[in-house]
Amino acid sequence: MYMRILQLFLFLVFPFSLLAQDNLIINTANRQTQSLNGKWHYIIDPYETGFYNYRFKEKNADDPEAYWNNPVIKNASDRKEHGYSDNYTLNVPGDWNSQAEVFKYYEGTVWYQREFDVSSVAANNRYFLYFGAVNYEAQVYLNGEKLGMHKGGFTPFNFEIPKQLLKEKENFLVVKVDNKRHPDEIPTVNTDWWNYGGITRDVKLISTPETFVQQYAIQLKQEQDIEQAKKKKSFEISGNLKFNHSTSGSVNIQIPELKINKKLAIDGREVSFNLTARKLQLWSPEKPKLYDVQIVFEGNTLSDKIGFRKIEVSGKDILLNGEKLFLRGICLHEEIPQEARRAKNETDAAQLFGWVKDLNANMVRLAHYPHNEYMTRMADSLGVLVWSEIPVYWTINFKNDSVYQKAEKQLEEMIIRDRNKASVIIWSVGNETPVSEARTNFMHNLIKKTKVMDQTRLVSAALEVHYNREENFIDDPLGAYTDVVSVNEYLGWYGDLPGAKAQAKWGVAYDKPLLISETGAGAKGGYHGEKEQRWTEEFQEWYYEETIKMMQQMPENFSGMMPWILADFRSPKRNNPQFQDGWNRKGLIDDKGNKKKAFFTLKEYYENMETQYE
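For the sequence shown, our numbering assigns the number 6 to the initial residue and increments by one for each residue that follows.
Structure (structure tokens):
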């Protein structure tokens, strides 16, 4: 009861809560780190021989045949039945599926191993191993000792290294990675994207002082009247700092360009604060202004670039900084189509956002899981709005409390990592989940958790629709709890031909903004014919032309669309050998990086909408 009261207090008083995910370190890009990216050795272990003995019980910690150990062969008669070799390496970060043919369809356990040195192990420092993401289950060992285990393939985690364990030379690091799908995991066994396994994002050794700022959340105060603030040219900023443990003393918040330097007293583990910023330039897609924000504590400075903006719902409209916003969006997977692999670095993010900007889009839906941090940082700098989502996808086990806890944990990790990104305006708790009482309770609890953690953003999910020829009606009970009503629609691809779209009518049970969170049709790049011929670029172009006609007669609360999808992506569910061959072909860009005809249709529509809302 006490904790519930405390959470309610924080919800009412502060726009952020730092209650969750006690140990996650954020903003690793601006901390003292050593990259552990590069070539790692691997062992493919489908029977988990390195983890279990022949009775299928977990091996003892000191078992020389446990793959986390590095036994020394002293005599020719010594037996050793495993080993790591330079002949078997994988690039980290990177999925294993795209790096060797043997991995293409592999789902199971792979052991990763590398050694690293540390220039010096300081007695007064703390050390952490940080992983941007590992899909799906990661068990991490250093010098034969287990540091911890993490589940969830798209969110970051870190483990502290005991000081007595870290050496200056030849640290033996092993990660057991298992990407098998299970009914009681998030996502579950049935999805429509490739199950890329491996250490897919950056790995770092983080060095910190004994006491340090672990997390923070800084943004415009949500309660302020943004129009009055703009008139007065005076804005209220609020935030929280969280240290790795309770401490005392003082910390300074500095925003040099705004001439802000506020000293805060510390008495405990968290500090909340309010600042007044005069002549602040608000962040927007047109002017994505980012300010250098510095947190100075005990002689150490942690820097970040933060944009300040207010996103809210007013009646049936979405407002950004007090002005009506129309979302010209596009969905995308974290995938580079020309190389059929996970996107993993800044170069990949630049390619994807280059396409987004060329489309005249101002919004991306990062489907169906949190994408890497290069994506959200680049969205901040380019002025692209972001919908970020956890993979509560289709038919998970909504009645299982442990499944809920896994979903909530991924939600927490997503929010904590990116809540200082101005571009992120919508947290999504799921996609196309079938209506039931258990499902609605499950999703409602995720929404409540989101609101406790962050009140500076909107919450949504892709809801269900009742389709009929008279009117397509949206009354999914989850819509009562979301800030924005979002639906996926494929009229003209599944069912009728595109020509029927222009006559489609839509009704919504809720007086809230309405988004089309998916719409699209498949086409194989370079395949041409009559527009009525499926899989041709002309059919997809026709679909988009008719969709645009439908958009022009949507209800008055229609606030934008995010068509499915920017580029073709791999999916084991897509098995038409002539046109799909393991690819979802709804992309506006094909697997060679070529733009299909529909790309230019949508681009022109967005250009016209941009002019309309200027």
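Every residue gets a Cβ at the ideal spot worked out from N, C-alpha and C, and that includes glycine.
### Message
According to DSSP, simplified to helix, strand and coil, what is Trp360?
### Response
Trp360: helix per DSSP, three-state reduction.
### Query
In chain order, what residues of the same chain lie with their CB nearer than 6 Å to the CB of Ala603, ignoring the 5 residues before and after it?
For Ala603, where only same-chain residues beyond five positions count, the Cβ hits under 6 Å are Gln545, Glu546, Tyr549, Leu593.
### Pairwise C-alpha distance: Tyr379 and Asn350
One C-alpha to the other measures close to 6 Å.
### Query
In three-state DSSP terms, what is Gly530?
Residue state, collapsed to three classes: coil.
### Task
Could you check the C-alpha separation between Phe136 and Ser308 for me, to the nearest Å?
Taking the straight line joining both Cα atoms gives about 21 Å.
### Query
Quick one, which of Phe248, Thr281, Lys284, Glu262 has its alpha-carbon nearest Ala270's?
Nearest of Phe248, Thr281, Lys284, Glu262 to Ala270, Cα basis: Phe248.
### Message
I'd like to check one pair, Val126 with Glu173: are the Cβ atoms closer than 8 Å?
### Response
Contact flag set, yes.
### Query
Under a three-way DSSP split, which group does Tyr59 fall into?
Three-state result, Tyr59: coil.
### Task
Can you tell me which of the three DSSP states Ala509 falls into?
In the structure shown, Ala509 sits in coil (DSSP, three-state: anything other than H, G, I, E or B).
### Message
Can you look up Leu607 in the DSSP assignment and give me helix, strand or coil?
### Response
Reduced to three states, the DSSP call for Leu607 is helix.
### Task
Decide yes or no for the touch test of the segment 329 to 349 against the segment 367 to 377: beta carbon pairs closer than 8 Å, at least 3 of them.
Because the criterion of three Cβ pairs below 8 Å is met, the segment 329 to 349 and the segment 367 to 377 touch.
### Query
Using the rule of at least 16 other Cβ atoms within 10 Å of the residue's Cβ for burial, across every protein chain shown, is Tyr417 buried or exposed?
Here residue 417 is Glu; the residue named in the question, Tyr, does not match the sequence. With 16 or more neighbouring CB atoms inside 10 Å of its own CB, Glu417 falls in the buried class.
#### Entry: Assigned secondary structure, Ser386 (DSSP; H/G/I helix, E/B strand, else coil)
In the structure shown, Ser386 sits in a helix (DSSP, three-state: H, G or I).
### Message
Within 10 Å of its beta-carbon, does Asn92 have 16 or more other beta-carbons around it, so buried, or fewer, so exposed?
### Response
With fewer than 16 Cβ atoms within 10 Å of its Cβ, Asn92 is classed as exposed.
### Query
Taking the continuous beta strand (DSSP E) assigned at Phe162, which residues delimit it?
Per DSSP, Phe162 belongs to the beta strand (DSSP E) from 162 to 166.
### For Thr438, the nearest candidate out of Ser428, Lys294, Tyr398 (CA to CA)
Here the closest residue by C-alpha is Tyr398.
### Message
Let's test the definition: count the other Cβ atoms within 10 Å of the Cβ of Glu543 and tell me whether it reaches 16, buried, or not, exposed.
### Response
With 16 or more other Cβ atoms within 10 Å, it is buried.
### Query
According to DSSP, what are the bridge partners of Asn279?
DSSP, once it has assigned bridges, lists Ser243 as partnering Asn279.
### Query
Exposed or buried, which one is Tyr52 when buried takes at least 16 other CB atoms within 10 Å?
Classification for Tyr52: exposed.
### Query
How would you label Val440, buried or exposed, when you count the other beta carbons within 10 angstroms and need 16 or more for buried?
So Val440 ends up on the exposed side.
### Task
Pull up the distance between the alpha-carbon of Gly457 and that of Asn245, whole angstroms please.
Checking the sequence, you will find Val at residue 457 rather than Gly. Approximately 14 Å between the Cα atoms of the pair.
### Query
To which residues of the same chain is Gly527 closer than 8 Å at the C-beta, ignoring the five residues directly before and after it?
Trp498, Arg539, Trp540, Gln545, Phe584, Gln585, Asn589, Arg590, Lys591.
### Supposed contact pair Asn75 and Gly153 - C-beta distance, whole angstroms, cut 8 Å
About 19 Å separates the two Cβ atoms, so there is no contact after all.
### Message
Let's test the definition: count the other Cβ atoms within 10 Å of the Cβ of Lys426 and tell me whether it reaches 16, buried, or not, exposed.
### Response
With 16 or more Cβ atoms within 10 Å of its Cβ, Lys426 is classed as buried.
### Task
Return the chain-ordered list of same chain residues with a C-beta closer than 6 Å to the C-beta of Arg444, the five sequence neighbours on each side being excluded.
Sequence-distant Cβ neighbours of Arg444 in its own chain, meaning closer than 6 Å and more than five residues away, are Phe403, Thr438.
### Query
Does DSSP classify Ala25 as helix, strand or coil?
Per-residue confidence for Ala25 stands at a pLDDT of 42, beneath the threshold of 50, marking its modelled position as unreliable; the derived number appears in the next sentence. In the structure shown, Ala25 sits in coil (DSSP, three-state: anything other than H, G, I, E or B).
### Task
Give the secondary structure of Thr306 by DSSP, where H, G and I count as helix, E and B as strand, and everything else as coil.
Secondary structure of Thr306 (DSSP, three-state): strand.
### Query
Taking all protein chains shown into account, do 16 or more other C-beta atoms lie within 10 angstroms of the C-beta of Gln410, making it buried, or fewer, making it exposed?
The Cβ neighbour count for Gln410, taken over all protein chains shown within 10 Å, is under 16; the residue is labelled exposed.
### Message
Within 8 Å of any Cβ in chain E, is that where the Cβ of Pro76 sits?
### Response
Within the model displayed, chain E is absent; a lone protein chain is all it includes.
### Query
Over what stretch of residues does the beta strand (DSSP E) that includes Ser40 continue unbroken?
Note, Ser40: beta strand (DSSP E), 38 to 40.
### Message
Checking the sheet assignment: what are the DSSP bridge partners for Ala270?
### Response
Bridge partners of Ala270: Ser255.
#### Entry: His533, buried or exposed, once every other Cβ within 10 Å from all chains shown has been counted against 16
Counting the other CB atoms within 10 Å of its CB gives His533 a total below 16, which places it among the exposed residues.
### Query
Among residues of its own chain, excluding the 5 on either side of Val18, which ones have a beta-carbon nearer than 6 Å to its beta-carbon?
Interpretation of Val18 is limited by its pLDDT of 40, a score under 50 that renders its predicted location unreliable; the figure taken from the coordinates is listed afterwards. None.
### Rounded separation between Leu23 and Arg424 - CA only
Interpretation of Leu23 is limited by its pLDDT of 41, a score under 50 that renders its predicted location unreliable; no figure is taken from the coordinates.
### Query
Under the rule that 16 or more other beta-carbon atoms within 10 Å means buried, what is Gly320, buried or exposed?
So Gly320 ends up on the exposed side.
### Task
Within its chain, find whatever has a CB closer than 6 Å to the CB of Asp2; leave out the 5 residues flanking it on each side and keep chain order.
The chain is shown only over 6 to 619; residue 2 falls outside these bounds and no answer can be derived.
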